[in-house]
Amino acid sequence: MLEQLKALEERLTSVQQEYLLAKERHEFLAQYDLHEELKQLKKMHRELKAKIKRT
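Okay, so the sequence shown: first residue is 1 according to this note's numbering, each after it adds one.
Dropping the structure here:
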């Protein structure tokens, strides 16, 4: 599970960087897609951290 968490955190960081680049370039459709992906990844991150704490 810790490997999953680490991979998820790396993906989260990557998507955040992509989002900031899209924001700088005023790529609104990309921003929307990345924002939605960020929301999903953050939700998964919270759930996985909670699951690890319960174990």
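All C-beta atoms, glycine included, are put in the ideal place defined by N, C-alpha and C.
Values in this document were obtained by computation on a predicted structure and should not be read as measured data.
Problem - CA-to-CA distance, Leu5 to His45, given in whole angstroms - result: Rounded to whole angstroms, His45 to Leu5 spans 7 Å at the Cα level.
Exercise for the section: Measure the alpha-carbon distance for Ala50 versus Ala7 and round it to whole angstroms. Expected result: Ala50 and Ala7 have their C-alpha atoms roughly 16 Å apart.
Practice task
Compute the Euclidean distance between the alpha carbons of Leu21 and Asp33, then round it to the nearest angstrom.
Solution key: Annotation: Leu21 to Asp33 spans about 13 Å, alpha carbon to alpha carbon.
Handout entry: Rounded separation between Phe28 and Ile52 - CA only
Key = So the two alpha carbons sit approximately 36 Å from each other.
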